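Structure first, commentary second.
Protein chains: 6
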Amino acid sequence: MAQSAQGHTHKFINQIAAGETVNDVYVVREPILRSTSRGDLYIAMFLCDRTGQLNGRMWQASEVVYKSLPKPGFVHVQGRSELYQNNLQIVVNTIAAIDPSKVNVENYLARTTKDCNQMFKEVQEIVGAIRHPQLAALCQAFLADKDLMKCFCSAPGGMKMHHDCIGGLLEHTHSMLRVAKAILPLYPQIQPDLVLAGVFLHDMGKTEELSYDMAFSYTDSGQLIGHISKSLLMIHRKAEALRAAGTKIAPDLLDTIGHIILSHHGEYEFGSPKLPATAEAFMVYYIDDLDAKMDQVTSAIDAETSESNWTAWQNALQTRLYRKRLAPQG
Amino acid sequence: MAQSAQGHTHKFINQIAAGETVNDVYVVREPILRSTSRGDLYIAMFLCDRTGQLNGRMWQASEVVYKSLPKPGFVHVQGRSELYQNNLQIVVNTIAAIDPSKVNVENYLARTTKDCNQMFKEVQEIVGAIRHPQLAALCQAFLADKDLMKCFCSAPGGMKMHHDCIGGLLEHTHSMLRVAKAILPLYPQIQPDLVLAGVFLHDMGKTEELSYDMAFSYTDSGQLIGHISKSLLMIHRKAEALRAAGTKIAPDLLDTIGHIILSHHGEYEFGSPKLPATAEAFMVYYIDDLDAKMDQVTSAIDAETSESNWTAWQNALQTRLYRKRLAPQG
Amino acid sequence: MAQSAQGHTHKFINQIAAGETVNDVYVVREPILRSTSRGDLYIAMFLCDRTGQLNGRMWQASEVVYKSLPKPGFVHVQGRSELYQNNLQIVVNTIAAIDPSKVNVENYLARTTKDCNQMFKEVQEIVGAIRHPQLAALCQAFLADKDLMKCFCSAPGGMKMHHDCIGGLLEHTHSMLRVAKAILPLYPQIQPDLVLAGVFLHDMGKTEELSYDMAFSYTDSGQLIGHISKSLLMIHRKAEALRAAGTKIAPDLLDTIGHIILSHHGEYEFGSPKLPATAEAFMVYYIDDLDAKMDQVTSAIDAETSESNWTAWQNALQTRLYRKRLAPQG
Amino acid sequence: MAQSAQGHTHKFINQIAAGETVNDVYVVREPILRSTSRGDLYIAMFLCDRTGQLNGRMWQASEVVYKSLPKPGFVHVQGRSELYQNNLQIVVNTIAAIDPSKVNVENYLARTTKDCNQMFKEVQEIVGAIRHPQLAALCQAFLADKDLMKCFCSAPGGMKMHHDCIGGLLEHTHSMLRVAKAILPLYPQIQPDLVLAGVFLHDMGKTEELSYDMAFSYTDSGQLIGHISKSLLMIHRKAEALRAAGTKIAPDLLDTIGHIILSHHGEYEFGSPKLPATAEAFMVYYIDDLDAKMDQVTSAIDAETSESNWTAWQNALQTRLYRKRLAPQG
Amino acid sequence: MAQSAQGHTHKFINQIAAGETVNDVYVVREPILRSTSRGDLYIAMFLCDRTGQLNGRMWQASEVVYKSLPKPGFVHVQGRSELYQNNLQIVVNTIAAIDPSKVNVENYLARTTKDCNQMFKEVQEIVGAIRHPQLAALCQAFLADKDLMKCFCSAPGGMKMHHDCIGGLLEHTHSMLRVAKAILPLYPQIQPDLVLAGVFLHDMGKTEELSYDMAFSYTDSGQLIGHISKSLLMIHRKAEALRAAGTKIAPDLLDTIGHIILSHHGEYEFGSPKLPATAEAFMVYYIDDLDAKMDQVTSAIDAETSESNWTAWQNALQTRLYRKRLAPQG
Amino acid sequence: MAQSAQGHTHKFINQIAAGETVNDVYVVREPILRSTSRGDLYIAMFLCDRTGQLNGRMWQASEVVYKSLPKPGFVHVQGRSELYQNNLQIVVNTIAAIDPSKVNVENYLARTTKDCNQMFKEVQEIVGAIRHPQLAALCQAFLADKDLMKCFCSAPGGMKMHHDCIGGLLEHTHSMLRVAKAILPLYPQIQPDLVLAGVFLHDMGKTEELSYDMAFSYTDSGQLIGHISKSLLMIHRKAEALRAAGTKIAPDLLDTIGHIILSHHGEYEFGSPKLPATAEAFMVYYIDDLDAKMDQVTSAIDAETSESNWTAWQNALQTRLYRKRLAPQG
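Line by line, the protein sequences give chains Y, L, A, S, H and X.
Under the working numbering, the first residue of the first sequence carries the number 207, and numbering increases by one thereafter.
Under the working numbering, the first residue of the second sequence carries the number 207, and numbering increases by one thereafter.
Under the working numbering, the first residue of the third sequence carries the number 207, and numbering increases by one thereafter.
Under the working numbering, the first residue of the fourth sequence carries the number 207, and numbering increases by one thereafter.
Under the working numbering, the first residue of the fifth sequence carries the number 207, and numbering increases by one thereafter.
Under the working numbering, the first residue of the sixth sequence carries the number 207, and numbering increases by one thereafter.
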């Protein structure tokens with residue numbers, strides 16, 4: 207259970223057993239008003255939090271109640287859990303929309319287990335070490351944008367493949383920056399400032415692509431334009447603002463950093479409109495792919511609840527994953 | 207032969223026969239200073255115009271002459287054509303760089319055979335018929351940008367696949383607008399203003415992607431960023447300028463037109479970072495593909511000089527093309 | 207509800223509420239004779255019309271009744287609708303096969319909303335404008351084949367991707383002919399008669415590939431041979447009949463029109479045994495693809511019943527579709 | 207050297223050494239009339255037979271001679287071989303077109319090394335063992351078509367991948383029939399008559415797809431329609447002729463055999479408009495692929511002239527081939 | 207029903223009707239201990255044999271019973287079948303794990319219908335005819351390995367695509383050897399001993415890759431390494447053992463047979479780390495593919511229980527299969 | 207020029223100018239004995255070292271000289287360089303095979319610029335830090351194999367894509383180990399010993415796959431089996447030797463490390479018979495790919511000799527590479 211900001215302890219969906227009283231806030235999704243064979247109205251719905259979802263049924267419902275429900279949104283539910291045809295469902299007695307500002311959103315959205323303040327501080331330090339004047343100015347313009355940085359620290363890193371949690375974008379960027387810092391000394395031909403700036407900015411558009419107030423989803427704009435193009439637009443807007451403020455960013459520098467962003471998915475089929483064509487673009491692409499896959503693989507291994515040596519089939523990886531660790535003596 | 211601006215008639219490369227005096231301006235490419243087995247210096251080079259290229263050899267050359275040559279660039283050449291091992295080459299007596307502003311560039315770059323003024327006028331008319339206020343404002347901002355429109359009327363439509371000539375971008379856009387105008391009445395569900403604006407703007411970034419002063423090539427910026435992303439940046443810059451001037455372009459309208467641009471190659475493997483997701487994006491994609499292929503196919507058929515019923519193998523189409531037309535009576 | 211030819215009004219499946227008397231003709235599919243745990247026989251079945259299907263249950267059934275049922279086919283059903291585990295089902299009291307000739311098939315198969323007579327008249331006009339004598343003779347031989355033209359006006363344009371309705375083949379061909387007529391003047395190098403004949407005949411084999419008496423399905427012959435090869439066989443049969451009647455169709459004309467048919471899917475992976483190798487074949491391919499996608503996209507947008515800006519995921523298009531239209535003022 | 211029908215011995219291209227008198231019949235290809243730097247006309251050409259080709263040069267040529275040459279065709283050449291820049295070429299003194307009927311075509315086109323009469327006899331025997339009345343009738347209609355069978359015994363099996371020689375179609379079909387006969391007893395569920403008829407007819411359209419009078423090439427019709435569709439048209443023509451003569455071939459039998467033909471390339475990307483959907487179609491596809499690859503692989507191994515254990519890179523197989531055989535004792 | 211070794215007749219899952227007493231051994235899978243809404247514990251499980259599976263429910267269960275169950279494993283079940291919501295399920299009264307050695311495993315795993323002794327004898331004969339001394343020694347080392355040959359005669363040929371039954375590996379290898387023996391005389395350039403040894407050994411690693419005591423599954427080692435690499439390791443182990451015993455296998459012979467094994471899937475995408483590069487490797491690849499597909503296609507046709515001319519969609523073949531046989535007279 | 211072991215200074219191919227005396231050792235390739243048009247014998251050949259190759263011609267040659275030449279091999283050449291048709295060639299007066307042991311092979315094969323002793327020492331240190339007893343034993347068995355380690359320090363890392371130089375395998379493995387050591391602390395879930403051992407052993411089979419005495423090429427065995435399968439065989443041989451010596455390597459440990467080797471190309475199409483299925487296998491795959499691409503990209507950039515901002519087209523990367531570095535001030 208989770209201690210909420212209001213001092214209340216949220217009962218998670220995956221902790222509800224049959225025959226219990228339910229009195230808590232959940233996200234309601236896809237409520238539908240139906241009539242029984244006797245003509246009585248009832249509402250079918252899903253009730254969810256970050257641990258799962260259950261069917262809900264409110265018998266003796268009315269159109270007034272139905273219309274009052276957010277679709278989707280937070281609701282306070284009073285009722286009781288029961289087994290119906292061997293599936294658990296919640297029979298709802300009362301249901302009422304609740305002000306989202308009063309809700310501890312972490313109960314409803316998975317959140318990184320890492321310390322966001324600490325991670326952001328390290329991001330600032332690593333990016334702060336960039337020495338090239340214009341690259342440094344460009345990155346500082348982002349770091350100085352308080353509203354954007356707040357989103358940067360909250361946004362998920364993805365919808366479901368990897369880092370799909372509140373703070374996931376920060377966690378992913380932070381981890382990539384640490385990898386970059388660790389391996390850059392091993393490849394002295396590479397321009398480190400370009401790699402660090404590229405890593406910092408490569409997914410910045412995800413702050414606009416994804417929405418994450420009650421659940422992870424794409425914004426309309428995100429779905430039409432995508433985070434790659436949005437990131438490119440963002441650095442051009444920041445460069446324009448810098449120019450207006452007297453700091454000119456050279457066009458070829460902007461193209462070089464823009465190219466890293468456009469090519470960081472590495473292949474056309476993954477939505478990159480350009481293939482990597484600089485050594486730095488290749489490095490950012492590989493660090494991104496490595497860090498994403500490490501998260502995806504270790505998360506899938508951690509999430510496996512069976513006692514099998516293997517996880518379930520991972521469609522994105524086209525394999526099951528072997529999770530048995532080496533015996534200490536072999 | 208072509209009457210130049212200077213009243214001089216250019217002798218085209220494909221008109222030179224063996225044993226002729228040469229005294230004209232060509233583009234020199236890849237000049238190399240070499241020494242013969244006797245130790246004498248000579249310069250090997252290619253001499254080109256829009257009709258082809260020949261080997262050039264300047265015997266008794268010096269490093270001073272070599273260094274004075276543009277690489278590549280326009281040069282005035284005096285010399286003589288001769289057959290060497292059955293290939294025509296030009297033996298150069300004198301060679302000197304020439305001011306590009308004194309050159310009639312049309313002799314060196316293929317040019318659309320259509321009337322550019324007439325085409326641009328029709329583009330203005332068709333785009334001028336857009337009635338949606340913000341879309342109209344956005345398009346008019348482009349039409350009012352004199353420098354850009356000059357480039358729009360000169361730029362090629364591509365490097366080599368289709369419309370690869372001066373004025374090709376205009377020719378392609380003009381043709382697509384006429385197709386759109388012809389078929390839009392047949393698909394009443396489609397929003398015509400979006401399609402017309404999308405067609406007008408879809409390749410605008412090619413004005414920055416390609417250079418075409420002496421030959422067709424990619425700019426550094428074009429190769430790093432690509433015309434698709436450049437077109438997107440351009441409409442955002444124009445929208446920002448309109449906003450600064452008091453005309454707000456709604457964000458979702460900008461996303462909708464931006465989506466048409468980002469998806470107009472239709473598939474990831476052709477460099478579109480987004481797949482078409484609106485009816486209008488599909489229509490622009492299909493009109494673009496149709497018009498490009500019609501130009502590519504009819505150009506290849508026209509270019510075939512043999513008497514065969516078939517063109518040479520067209521690698522991009524994975525076929526040879528059958529060019530025999532129907533006999534009038536069957 | 208739909209007024210049938212017999213003056214009766216059909217109650218559509220998607221209009222049935224719980225607790226209603228049912229007394230109408232439906233298509234029965236997949237009836238199965240089962241026994242309950244008490245050993246009583248009952249029949250499980252689906253009852254369908256063009257708006258959907260419901261489970262049907264006939265308790266106290268007998269093997270005689272079961273054997274009398276068409277599998278599938280039209281049946282007259284008397285019974286009652288009820289909610290069972292929140293799903294509507296029909297409890298059948300009596301069920302009896304019915305003569306298909308007495309059924310208004312339009313209630314059971316979706317039908318184009320366009321006027322078939324009008325469309326066929328326009329097809330005749332556009333095809334009638336073909337001036338090349340042999341192409342005109344070939345097309346007229348098809349137009350004069352009354353039985354075939356009846357099928358041509360009834361057949362669906364496809365199983366599920368686009369124009370999947372009675373009259374869909376006609377609607378698709380008609381729309382393509384109008385597009386061809388609209389854009390042919392813009393591409394003067396193209397031989398218009400070949401394009402018009404190619405469009406008219408390209409899918410003619412669908413009249414044999416698909417069956418559409420009670421539901422859309424493939425014929426055995428259609429599944430083994432396919433409409434592309436069937437269309438080719440049909441033009442050869444017609445040419446042979448013309449030859450026997452004294453009108454010779456030149457072999458290379460037949461190959462040229464045959465090639466358009468064989469290549470009109472544009473790529474091997476879509477079942478074309480030949481890639482387009484004439485300008486006319488490319489044009490037919492593009493018009494076909496454009497018209498099919500326009501129908502597919504606008505149908506998916508129209509069919510979306512939620513209030514979302516986006517349709518459900520469209521697997522064939524690998525995207526969801528954005529359906530929000532421009533606000534009048536932007 | 208090859209003893210010709212005329213009692214003359216042809217000197218093959220690959221037997222000509224430098225400094226020899228040349229006085230023989232070759233195929234001339236791509237003759238071009240050019241002028242030297244002194245303005246004298248000469249003809250450049252290729253002179254070929256089945257063993258290779260050499261450059262030919264006729265100095266002091268005239269437009270009359272040039273126009274008299276077949277392009278391509280058989281010519282009698284008198285001249286002399288010489289080394290020019292280390293390449294052998296033929297200096298032509300006189301050249302004259304020659305009546306193809308007087309030429310032993312085997313000198314100019316590779317020919318199967320197997321006995322065609324013997325192979326065709328075995329084909330007749332194996333096909334003659336088909337017992338199903340209609341399948342037997344259909345196959346006998348082909349065997350009884352003398353003109354077609356003459357082509358069937360002469361046509362190549364392909365342009366260059368496998369069995370690319372006169373008689374190659376017969377050799378390939380004969381070998382496949384023998385494989386089918388050998389393995390059919392091992393797969394008792396398969397209908398042997400269908401497999402044997404399918405093998406016999408699967409490539410019959412190659413008799414129309416390929417021309418092979420002086421060199422192997424595609425006919426216009428072959429390139430537009432392809433041998434798969436041509437084979438289908440041929441069995442329908444034969445079935446129609448049988449029907450006219452009183453022997454009806456059942457439509458579903460015709461579809462079943464037609465399906466084998468349409469699917470025998472096994473995959474869409476290899477030009478099959480249908481994928482195999484019967485056990486017999488799968489068997490014909492596999493026997494075809496096996497026999498073609500065996501010929502392709504063993505031919506490439508035989509053709510290797512170096513002493514290497516490996517052949518040159520085989521692009522169609524994406525590998526070099528290892529040709530070292532097992533030592534007798536390991 | 208199947209007469210077991212213990213004289214008892216097993217009642218197969220697909221023979222159980224509603225309302226019957228159940229008293230037999232089945233495989234229990236995925237037992238779960240749950241509580242009803244009243245708090246009573248029950249066990250949900252699947253009960254299976256080779257003919258299918260049913261839901262099982264044991265009400266009034268205890269944690270002791272739950273813990274005593276194998277997961278999965280053989281259990282003796284007493285209870286009764288009943289219809290629940292039209293699905294048959296087994297209500298379990300008593301359930302107890304049973305010693306697998308007392309179970310007739312054939313009731314639980316599909317088994318080849320062919321005579322294994324007879325097949326193995328023929329394998330010995332065909333492989334025994336290999337005359338090359340070292341290849342013969344290598345194959346005999348496998349035939350002499352009694353434990354391995356026992357596995358070879360029991361292992362399935364695959365998980366689900368083809369020969370997925372006890373004895374399937376033997377059946378597949380036996381059938382391939384017979385095909386090889388039948389066609390080798392038709393391809394005299396091929397080294398028959400290499401093909402026969404290659405066929406015999408190509409899938410030997412499946413004895414280690416697959417487990418098949420109660421159900422077919424992959425071993426951990428099989429999933430990590432795969433049968434292709436395992437087969438290669440096995441021939442190297444046998445060669446090392448022969449060498450230790452005084453019989454040296456030449457390295458290039460081992461590479462040649464190893465190459466056949468590594469390349470027998472024919473394409474990288476099917477898990478072959480090498481493409482076929484010898485004529486013999488191509489032949490083994492084609493025979494393997496032919497025999498696997500013949501089994502897959504005929505099994506799918508045999509398994510179809512409907513009266514349709516077509517099987518259900520076969521995803522691995524991307525088609526439905528046509529199963530109607532020729533009418534005797536056409 | 208390079209000071210050889212014999213105190214002689216090798217004149218490199220790319221240092222030879224026209225008109226110079228040649229008296230040095232080169233690799234002769236593809237010598238061919240030909241006759242001139244006058245009937246005189248001459249030998250055409252290529253003469254090469256690590257910097258390139260030139261045509262060689264020995265006039266007045268004899269069959270005796272021709273037969274004495276290695277094909278290919280080291281030869282001492284005396285002669286003279288000359289320009290022939292603007293290409294440099296070497297006219298050979300005398301040519302004689304030379305004992306390879308007397309040749310400084312570094313003149314003929316590119317060699318890593320890094321210090322091999324230092325790199326191998328660091329490899330020993332990093333691998334020496336593996337703590338898991340069996341993994342450590344397995345790796346030490348490799349490090350203790352002097353002959354193998356000598357090969358490991360000399361072998362190239364590839365044929366042409368990356369690290370294609372003497373010492374390239376060591377350089378690549380060393381660099382990967384350093385990357386692994388740098389990033390392993392950032393991914394605490396990963397088992398570091400497995401990654402380090404996997405990196406050390408992943409390409410060990412290249413010591414057998416490639417030959418590199420005079421030029422880089424594949425061994426027969428390497429081409430038939432490949433380095434992936436060879437590496438697997440090597441660890442099994444070492445494990446067997448350890449077992450014989452009393453140190454048992456657990457089968458699942460061997461499978462886990464074997465799996466890393468089999469899957470380290472990451473995708474089937476790159477010759478991996480297994481896809482990565484453990485977190486450690488993913489990490490080795492990504493480090494391998496990153497390090498290989500960094501070498502490939504920076505080598506291509508370094509090798510570019512033009513003054514262009516772009517390298518030539520890189521076919522393996524499907525792009526040209528942008529090599530302009532950031533201006534210090536932007």
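Built from N, CA and C at the ideal position, the CB exists for glycine as well.
As the structure is a prediction and not an experimental result, all values here were calculated from the model.
Residue(s) in a DSSP beta bridge with residue i
i: Phe252(H); result: Arg235(H) and Asn261(H)
i: Phe280(X); result: Val233(X)
i: Trp542(S); result: An answer regarding residue 542(S) cannot be provided, because it is not within the stretch 207 to 536 covered by chain S.
i: Ser417(L); result: Ser423(L)
i: Leu289(S); result: Leu294(S)
For residue i, three-class secondary structure by DSSP
i: Pro219(X); result: According to the sequence shown, residue 219(X) is Ile rather than Pro. Correct three-state label for Ile219(X): helix.
i: Ala224(Y); result: coil
i: Thr300(H); result: strand
i: Asn313(L); result: helix
i: Ala208(S); result: Residue confidence is low: Ala208(S) scores 47 on pLDDT, short of 50, so the model does not pin down where it sits. No coordinate-derived value is stated.
i: Leu481(A); result: coil
For residue j and residue i, believed in contact at Cβ under 8 Å, the rounded distance
i: Leu407(S); j: Ile441(S); result: 6 Å
i: His282(H); j: Val329(H); result: About 38 Å separates the two Cβ atoms, so there is no contact after all.
Check whether the stretch 376 to 396 of chain H touches the stretch 432 to 449 of chain H, counting contact only when three or more Cβ pairs, one atom from each stretch, lie closer than 8 Å.
The stretch 376 to 396 of chain H is not in contact with the stretch 432 to 449 of chain H.
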